[in-house]
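Here the structure comes first, spelled out in structure tokens, and everything after it is commentary.
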Amino acid sequence: MLSTQLPLLTPISLPPIHPQNLPQHHESRPIRRKQPPTPLIVTPEAKPSTQSRPIESWIETLRSHTRSNLFREAISTYIEMTIVGVLPDNFAFPAVLKAVTGLQDLSFGKQLHCAVVKLGYHASSVTVGNTLLHMYGKCGGVSDVLQVFDRIPQRDQVSWNSMIASLCRYEEWELALEVFRSMHLERVEPSSFTLVSVAQACSNFSMTEGLRLGKQVHGYSLRMCDEKTFTNNALMSMYAKWGMVDDSKYLFEQFENRDLVSWNTMISSFAQNGSFSEALALLYEMVYEGIKPDGVTIASVLPACSHLERLQSGKEIHAFALRNDNIRENSFVGSALVDMYCNCREMKSGYRVFQGTSKRKIEIWNAMIAGYVRSGLYEEALNLFIELEVVAGLYPNPTTIASVLPACVHCEKFHKKEGIHGYIVKRGFTRDRYLQNALMDMYSRVGKLEISKKIFEKMEVKDLVSWNTMITGYTVSSSHDDALLLLHKMQKSDDNVSYRPNSITLMTVLPSCASLAALVKGKEIHGYAIRNALASDVAVGSALVDMYAKCGCLSLSRKLFDRLPEKNVITWNVLIMAYGMHGRGEEALGLFRIMDVKPDEITFIAIFAACSHSRMVNEGLDLFRRMKTDYGVEPISDHYACVVDLLGRAGQLDEAYELITTMPISSDRVGAWSSLLGACRIHQNVKLGEISADNLIRLEPNVASHYVLISNIYSAAGIWEKSINVRKKMKDMGVKKEPGCSWIELNDKVHKFTAGHSFHPQSEKLQEFVEKLWEKMKKEGYIPDTSCVLHNIDVEEKEYILCGHSEKLAIAFGILNTPPGTTIRVAKNLRVCNDCHVATKYISRIVQREIIVRDVKRFHHFRDGSCSCGDYW
DNA sequence: ATAGGGTTAG
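See the structure below:
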């Protein structure tokens with residue numbers, strides 16, 4: 001197929017791979033390179049040979065200079081030789097070309113090339129051709145290499161090897177493999193040099209594409225008799241890149257002539273495939289065998305210490321590095337040290353290494369910035385980012401921005417979040433996948449889900465993180481059904497690539513199941529987690545405990561909790577919160593007493609909420625007073641909001657108000673005022689309600705629920721005028737009420753109901769059904785509570801509106817579509833209104849069904865005319 | 001022939 005005329009090797013203009021490797025003119029060479037200006041070559045035939053010194057002697061001098069790396073001297077000798085009129089021959093050119101290659105002097109190399117052509121050696125000597133090829137492979141460009149190779153007369157093994165190696169240097173993996181195939185067809189035997197390059201090229205393809213050839217290379221290597229160390233190392237590294245650590249370990253163990261690179265390769269194979277303990281162990285074994293680690297060893301093993309958070313080992317390695325100049329000055333080691341210290345929460349040590357590094361390259365800045373971001377020190381990260389550009393004059397690369405973007409997103413003081421997108425466009429990094437993922441996350445979090453979706457759809461190459469990020473986008477925007485839909489789609493996506501959900505996917509999507517009370521879906525995910533060994537993951541386990549609890553299966557949730565192999569604060573918090581939501585405050589407190597990890601801020605929020613829902617005012621207050629002294633947890637505004645709720649719900653409104661006045665000046669009072677306003681609604685306290693609402697509307701003029709609550713308080717008290725005024729003010733401000741929304745799962749679908757709207761195909765039928773039930777309920781003594789209906793309209797109309805409340809529609813849907821006796825589980829995005837609560841009690845008796853309604857705060861378990869919350873919620 | 005930092009979750 002490809003004989004002497006390689007179709008792919010005809011001179012073609014390939015795009016340059018590295019701009020710095022482009023053929024350059026002499027004038028445009030950077031001046032900083034320390035070399036004398038290259039003199040023009042005297043055209044060889046310009047002077048007849050009058051010299052008596054024979055050419056062999058000149059060549060001997062040339063060769064001895066290049067052998068001793070005296071490249072400049074070699075070139076001077078060559079020039080001298082041409083000046084005195086000695087015509088260089090096919091032995092002189094290889095010697096001088098080697099010197100040119102050593103100096104990376106492309107322009108001189110090109111002049112030599114001209115001379116070679118003029119004298120005709122390019123068509124007669126393989127050796128000259130090979131050295132030219134080698135020269136272009138080191139300092140030219142792909143197109144030069146292709147042209148030279150094409151003109152080498154009788155290509156030998158060295159020609160092919162140089163060609164393949166050069167293509168690998170230019171990351172032309174596909175071309176490299178194609179040339180290797182041609183070499184095979186021309187029956188030129190590969191050597192260990194060939195195999196090294198080919199193995200490297202293979203490893204840059206995916207395993208499915210590269211493994212076949214890779215194994216052939218392995219076979220060749222086994223049959224070969226010459227020096228195998230290089231090939232062996234290259235094969236180890238190839239297998240490691242595909243994650244086949246066992247294979248690279250086998251090669252390492254079977255091989256006797258290990259060198260330092262073999263050890264380094266093995267250590268980095270382990271470290272890059274998550275076998276951190278093995279990597280560290282190998283370092284110690286290496287030292288034990290008397291092999292001295294170098295900078296590469298240290299830079300490869302430090303990430304293992306970082307991941308394992310083995311600060312002690314990391315420090316020992318640092319000490320070792322300090323004792324060895326060559327390691328200490330290795331810039332890779334510096335970045336790895338910064339990363340290790342930051343990951344071990346030793347920010348100060350990390351910063352000290354960073355500060356103490358003399359010639360700081362962008363990479364060490366990246367390590368420091370990423371370290372800050374991981375520890376939530378967003379401002380520090382942003383400051384460093386600015387410093388790197390403004391003070392150090394360095395250019396951020398895509399990695400820098402990918403680290404700093406989450407800092408922009410999460411740093412409250414940083415307002416112009418979307419501006420960073422412009423910056424990315426300006427720097428031309430828009431095609432970077434990490435940045436696209438990070439941008440998607442940013443837009444979701446500033447409430448611009450549409451833009452996230454657009455980026456996601458336009459991405460040419462998606463990865464698992466892209467899918468996870470998009471799912472998270474839906475979750476943070478409360479589009480839970482879309483989140484579940486995407487979970488489905490990722491597993492059989494249209495572009496022939498499917499993705500396997502990982503632990504992060506599951507923990508992202510489980511809260512969606514919980515929000516929708518989608519128990520069947522949740523169980524399906526649980527099954528997936530078990531089958532894929534993800535269920536024992538603490539984070540997934542905690543999310544499962546949470547999901548079962550929020551779907552109303554508290555005992556299942558508890559069983560799962562008890563069996564989890566590993567628990568952390570979050571796991572405990574989730575369970576305490578679950579008991580609280582189910583109105584089982586005593587048990588929540590019991591869990592708090594036996595928990596074997598230190599409680600955190602969230603634990604106390606869960607505890608206060610539990611006390612609040614179970615009217616355990618004294619227990620809650622007691623812990624509130626002791627949380628700082630006995631548990632070392634500083635109360636934050638969320639805690640105040642909970643305790644205000646605890647007091648307010650129990651009717652101690654004045655105490656609640658007083659608590660707000662004792663809050664630290666700087667703290668955020670929104671939560672606390674909201675709690676008080678809610679309590680005023682329950683206990684019909686117009687005066688305090690007004691105070692709370694005034695404060696709230698001043699602080700958050702765009703939140704609908706504040707207006708709605710005070711308006712409800714007024715209308716329940718019969719103060720219609722004020723109620724209407726509030727409504728009017730709300731309308732003038734352009735504030736829209738979040739529509740009430742309820743969900744019920746039927747088979748494997750979640751059905752969504754919105755108040756008053758007939759989006760659901762059955763909604764008319766459902767409204768009729770509710771109205772029919774209405775009559776029966778009234779006969780049993782039900783009195784509609786119309787106080788939550790804002791409009792000043794007649795009673796019948798009000799009742800009609802009440803019938804259309806989303807939770808009633810969802811319940812009706814459940815009754816009509818499930819066999820008698822089935823428990824009905826409904827979830828609601830807001831709090832259940834008083835009328836729905838009373839009505840559901842009656843419904844549960846009339847239809848003889850258990851009905852579980854979960855709102856944002858807690859559970860209502862209706863059975864035979866009564867509710868588990870004892871009308872206290 | 002071996003080595004660098006990055007995006008998603010609670």
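Be aware that the first sequence starts at 1, since it is given in full-length UniProt numbering, and climbs by one per residue.
Here a beta-carbon is modelled for each residue, glycine too, at the ideal position from N, C-alpha and C.
Worksheet item: If you draw a straight line from the alpha carbon of Ile31 to that of Ala199, how long is it in whole angstroms?
Response: Only weak support exists for where Ile31 lies, its pLDDT of 33 falling under 50; the value from the coordinates is given anyway. Straight-line Cα distance between these residues: approximately 38 Å.
Worksheet item: Does the beta-carbon distance from Met577 to Ala606 come in below 7 Å?
Response: yes
Fill in: Beta-bridge pairing of Ile824 - partner residues as DSSP gives them
Ile851
Discussion item. Given this structure, state the Cα-to-Cα distance separating Glu363 from Met163, to the nearest angstrom.
Written reply: 32 Å
Worksheet item: Considering only residues of the same chain and omitting the five flanking positions on each side of Cys680, which have a CB-CB separation below 7 Å?
Response: Leu653, Leu688, Gly689, Ser692, Ile713
Discussion item. Judging by CA-CA distance, which residue of Ala517, Leu133, Gly419, Tyr341 is the nearest neighbour of Arg310?
Written reply: Tyr341
Discussion item. For the structure I just gave you, are there three or more beta carbon pairs, one from the region 499 to 509 and one from the region 722 to 742, closer than 8 Å?
Written reply: no
Practice prompt. Within its chain, find whatever has a CB closer than 6 Å to the CB of Tyr78; leave out the 5 residues flanking it on each side and keep chain order.
Written response: Val96
Practice prompt. Hey, could you find the ends of the alpha helix (DSSP H) Ile697 is sitting in?
Written response: 686 to 699
Practice prompt. Look at the alpha carbon of His184 and the alpha carbon of Cys139, and state the distance between them as a whole number of angstroms.
Written response: 27 Å
Worksheet item: Beta-carbon separation of Asn90 and Val128 under 7 Å?
Response: yes
Fill in: Integer-rounded CB distance, given that Ser248 should sit under 8 Å from Met236
4 Å
Worksheet item: Is it true that the region 580 to 591 meets the region 834 to 851, where meeting means three or more beta-carbon pairs spaced less than 8 Å apart?
Response: no
Worksheet item: Taking C-beta to C-beta, are Ser705 and Arg727 nearer than 7 Å?
Response: no
Worksheet item: If you run the structure through DSSP and keep just helix, strand and coil, what is Thr265?
Response: helix
Item to complete: Apply the 10 Å Cβ neighbour rule to Ser335 and answer buried if 16 or more other Cβ atoms are within range, or exposed otherwise.
Response: buried
Fill in: Distance, Gly214 Cα to Met238 Cα
8 Å
Item to complete: Using three-state DSSP, classify Ile719 as helix, strand or coil.
Response: coil
Discussion item. One question on the structure: do Pro398 and Leu435 come within less than 7 Å of each other, judged by their Cβ atoms?
Written reply: yes
Discussion item. List, from N- to C-terminal side, the alpha helix (DSSP H) runs of 4 residues or more that fit wholly inside the region 229 to 260.
Written reply: 229 to 241, 245 to 254
Discussion item. If I follow the unbroken beta strand (DSSP E) through Trp743, where does it start and stop?
Written reply: 741 to 746
Worksheet item: Considering only residues of the same chain and omitting the five flanking positions on each side of His421, which have a CB-CB separation below 7 Å?
Response: Leu439
Worksheet entry | Distance, Tyr288 Cα to Met627 Cα | 51 Å
Worksheet item: With a CB to CB cut of under 6 Å and the five nearest residues on each side skipped, what residues in its chain are close to Ser498?
Response: Gln491, Lys492
Fill in: Contact set for Leu382: own chain, Cβ-Cβ below 8 Å, skip 5 residues either direction
Val404, Ala407, Cys408, Cys411, Phe414
Worksheet entry | Candidates Cys202, Phe193, Lys454, of which the one nearest Glu227 by Cα | Phe193
Discussion item. Does Lys752 come out as helix, strand or coil in the three-state DSSP assignment?
Written reply: strand
Worksheet item: Among all the DSSP beta bridges, which residues are the ones paired with residue 879?
Response: A question about residue 879 goes unanswered here, because the residues of the chain that appear run from 1 up to 873.
Item to complete: Express the C-alpha separation of Ser503 and Asp537 in angstroms, rounding to a whole number.
Response: 7 Å
Discussion item. Measuring straight from C-alpha to C-alpha, what distance separates Val750 and Lys523?
Written reply: 14 Å
Item to complete: Starting from the Cα of Ser806, find the closest Cα among Val795, Asp794, Glu764 and give me that residue.
Response: Glu764
Worksheet item: When burial is assigned at 16 or more other CB atoms within 10 Å of the CB, is Leu484 buried or exposed?
Response: buried
Worksheet entry | Cβ-heavy atom distance, Asp785 to the ligand GDP, below 6 Å | This structure lacks the ligand GDP, and indeed carries no ligand of any kind.
Worksheet item: Mapping DSSP to helix, strand and coil, what is Arg212?
Response: helix
Practice prompt. Keeping to the same chain, check which residues put their C-beta closer than 8 Å to that of Arg374; ignore five residues upstream and five downstream.
Written response: Cys342, Asn343
Worksheet item: Taking the Cβ atom as the reference point for each residue, do Asn273 and Gly314 lie within a distance shorter than 7 Å?
Response: no
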